[in-house]
Structures are given as C-alpha cells and as structure tokens.
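Student: Here's a structure for you.
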Amino acid sequence: MGKAIARRLVKGGHDVNIGSRDAARAAACAQEIGAAGGGENAAVAAGQEVVIVAVPHASQAATLAEIRDRVGSAVVVDTTVPLVPPKVMRVQLPAEGSAAMQARAALNPDTRLVTAFHNVAAHRLDHADDVIECDVLCFSDDVEGRNLVVGLCGDMGLRGLSGGALANSAAAEALTSILIYMNKTYGADGAGIRFTGLVSAPPIP
Ligand SMILES: NC(=O)c1ccc[n+]([C@@H]2O[C@H](COP(=O)([O-])OP(=O)(O)OC[C@H]3O[C@@H](n4cnc5c(N)ncnc54)[C@H](OP(=O)(O)O)[C@@H]3O)[C@@H](O)[C@H]2O)c1
Numbered sequence: 001m002g003k004a005i006a007r008r009l010v011k012g013g014h015d016v017n018i019g020s021r022d023a024a025r026a027a028a029c030a031q032e033i034g035a036a037g038g039g040e041n042a043a044v045a046a047g048q049e050v051v052i053v054a055v056p057h058a059s060q061a062a063t064l065a066e067i068r069d070r071v072g073s074a075v076v077v078d079t080t081v082p083l084v085p086p087k088v089m090r091v092q093l094p095a096e097g098s099a100a101m102q103a104r105a106a107l108n109p110d111t112r113l114v115t116a117f118h119n120v121a122a123h124r125l126d127h128a129d130d131v132i133e134c135d136v137l138c139f140s141d142d143v144e145g146r147n148l149v150v151g152l153c154g155d156m157g158l159r160g161l162s163g164g165a166l167a168n169s170a171a172a173e174a175l176t177s178i179l180i181y182m183n184k185t186y187g188a189d190g191a192g193i194r195f196t197g198l199v200s201a202p203p204i205p
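Once you know that position 85 of the sequence shown is 85 in the working numbering, the rest is easy, because the numbers rise by one and skip nothing.
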C-alpha cells in the first residue's frame, strides 16, 4: 500500500521519501518508483510535511512509537485497517473503537493525525494509470490536515472526501471487511465505494 501511494504521489509531482525497517529496501523502492530517496522509518519521518504510515495492524503500535517523536508538525496519515486474520471478511474492530483511536493514543497528543485509504485495493492503486472507482474517505479532528489529504488524493487521481471526525474512521475501517467479502462473493478484483449526490464534492477523476 505504501509503495502504491508513493508511486501515485511521485507521478503527481510530489517530493517523496520512502521509509522501511531496512534502509536498503527503502532505497531500492525509491529507485523503482522514482522517489527522491529512502531510509529507515524513524530517519525518514523527520522533517516532512506529511508522513504516511502503511503497515499491518499488528505492527501499527511499534511503528508509530518509532516515529512518534520524529514527526514534529507533520500531518501523519495512517492507513491501518484492523483486520483479524484469518477472518478478514468479518468486522472485528478493536476495543478502543478503531485503529484510528489506537493511533491517536500511540502518537503525541498534538500530532496532526489523519486516517485514509482504508477502502482502496493496493494492487489497483499500484497501477498508477488505472482509474480507481473508489472514493477515499479522510478522517481527522484537524480540519486543515484532513483537507490537505483530500487534496493529495486528487493529485493521485483519486476522489478524496472528508468523512469527518477521527472517530468516524471506524466506519471506513469496518467497510473494508465488507469489501473483501464482496470481492469473494461477487468476483470483484478490488471492490470500492462511491458516494452519490454530493453537490460540492471534488469531481470524480
Ligand atoms: N493491501 C490493501 O489492499 C490495503 C487496502 C486498504 C488498507 N490497507 C491497510 O494498509 C496497511 C498496509 O497494508 P499492506 O497490504 O501494504 O501491508 P503489508 O504489505 O503486509 O506491509 C506493508 C509494509 O509494512 C512493513 N511491515 C511489515 N511487517 C512489519 C512489522 N512487523 N513491523 C514493522 N513494519 C512491518 C513492511 O515494510 P518494510 O519491510 O519495508 O519495513 C511491509 O512492506 C495495513 O494496515 C492494511 O490494513 C491495505
């Protein structure tokens, strides 16, 4: 997911650095997609305007702890969906309510946290020229940060929409299990969601 997002941001003209647990892996990824550079997560997280975290739910807490004191005033975008293998087609949100709430607790209180990209299939996103029939819901209590991520979605050829407060992230996180169920039940290769009737929303790309 991280590489797919980065690939589209590079194509959209953004200056992107790749983070990994392994600096060599990050550098190879950066070279593959034409990003500016790469390095270990904590090093790359410092000095950025936006930091996007795309790791499995099981590693969310450890990864956020690693970057917590490095991100400064950056907008941190968390893509985590709290799937519980093997039953990934069943909604199983954590006791805190959502991965977003877990991220909120894991980061410093003044960190600008946005969650997004829960409902987009990474393998579809990774084809940077493909039209993705899926709205990207963005959640945050920081309105400016949320709007920034909605704008980045536009730069990536996606329609980003504000989904409101961070607490609302639970709905999109839960929807992912339903989309995985839809893939299996209706033979979809990455089912998505599209909102209708939105008069003043960004145009569908
Ligand atoms: N895949 C999708 O279609 C999709 C769609 C919507 C949302 N999401 C969410 O986006 C997040 C990333 O999904 P993904 O499919 O990209 O996951 P992934 O391929 O399993 O993992 C992404 C990266 O996380 C790092 N990672 C793996 N295990 C780790 C660990 N134990 N500790 C720290 N870092 C670790 C790895 O990077 P390094 O080895 O380079 O460190 C790995 O390449 C997940 O929370 C997922 O629920 C995924």
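C-beta: ideal position from N, C-alpha, C; glycine also. All figures in this text were calculated on a predicted structure; none of them were measured in a lab.
Less than 9 Å between the beta carbons of residue 82 and residue 57, yes or no?
Tutor: Result yes, Cβ atoms of residue 82 and residue 57 sit closer than 9 Å.
Student: What ranges does the alpha helix (DSSP H) occupy inside the segment 96 to 125, keeping only unbroken runs of at least 4 residues that lie completely in it?
Tutor: Listed in chain order, the complete alpha helix (DSSP H) runs (minimum 4 residues) inside the segment 96 to 125 are 99 to 106 and 122 to 125.
Student: Answer yes or no: the CB of residue 108 versus the heavy atoms of ligand 1, is any distance below 8 Å?
Tutor: Residue 108: no, Cβ never under 8 Å from ligand 1.
Student: Helix, strand or coil, according to DSSP, for residue 18 in the structure here?
Tutor: In this structure, residue 18 counts as strand in the three-state DSSP scheme.
Student: Where does residue 108 land, buried or exposed, given buried means 16+ other C-beta within 10 angstroms?
Tutor: Result: exposed.
Student: Assuming residue 138 is part of the beta strand (DSSP E), what are its boundary residues?
Tutor: Counting along the chain, the beta strand (DSSP E) containing residue 138 begins and ends at 135 to 140.
Student: Below 8 Å, is the gap between the Cβ of residue 51 and the nearest heavy atom of ligand 1?
Tutor: Checking every heavy atom of ligand 1 against the Cβ of residue 51, none is found closer than 8 Å.
Student: Ligand 1 and residue 139: does any heavy atom of the ligand fall closer than 8 Å to the residue's C-beta?
Tutor: Every heavy atom of ligand 1 is 8 Å or more from the Cβ of residue 139, so no.
Student: Contact criterion: CB-CB distance below 9 Å. Does residue 50 meet it with respect to chain C?
Tutor: Structure shown: chain C not included; a single protein chain is present.
Student: When every heavy atom of ligand 1 is checked, does at least one fall within less than 8 Å of the C-beta of residue 161?
Tutor: Result no, Cβ not under 8 Å from ligand 1.
Student: Compute the minimum distance between the beta carbon of residue 57 and the heavy atoms of ligand 1, and state whether it is under 8 Å.
Tutor: Yes, the Cβ of residue 57 comes within 8 Å of a heavy atom of ligand 1.
Student: By alpha-carbon positions, which one of 103, 104, 153 and 178 ends up nearest to residue 6?
Tutor: When each option's Cα is compared against that of residue 6, the closest is 153.
Student: With a threshold of 8 Å, establish whether the CB of residue 188 neighbours any heavy atom of ligand 1.
Tutor: Incorrect: residue 188 has no Cβ contact closer than 8 Å to ligand 1.
Student: Are residue 189 and residue 160 closer than 9 Å when you measure CB to CB?
Tutor: Cβ distance not < 9 Å, so residue 189 and residue 160 don't count as in contact.
Student: Is residue 211 near ligand 1 - that is, is its Cβ less than 8 Å away from at least one heavy atom of it?
Tutor: Outside the shown range of the chain, which is 1 to 205, sits residue 211, and nothing can be said about it.
Student: Are three or more beta carbon pairs between the segment 176 to 183 and the segment 99 to 106 nearer than 8 Å?
Tutor: Short answer: they don't touch.
Student: Write down the C-beta distance between residue 112 and residue 151 rounded to the nearest angstrom, noting that I regard them as a contact closer than 8 Å.
Tutor: The pair is not a contact, with the Cβ atoms about 15 Å apart (cut-off 8 Å).
Student: Beta carbon of residue 169: closer than 8 Å to some heavy atom of ligand 1?
Tutor: No - ligand 1 has no heavy atom lying nearer than 8 Å to the Cβ of residue 169.
Student: Is residue 1 close to ligand 1? I mean its beta-carbon at under 8 Å from any heavy atom of the ligand.
Tutor: Flag set: Cβ of residue 1 near ligand 1.
Student: Under three-state DSSP, which class holds residue 2?
Tutor: The answer is helix: DSSP assigns residue 2 an H, G or I state.
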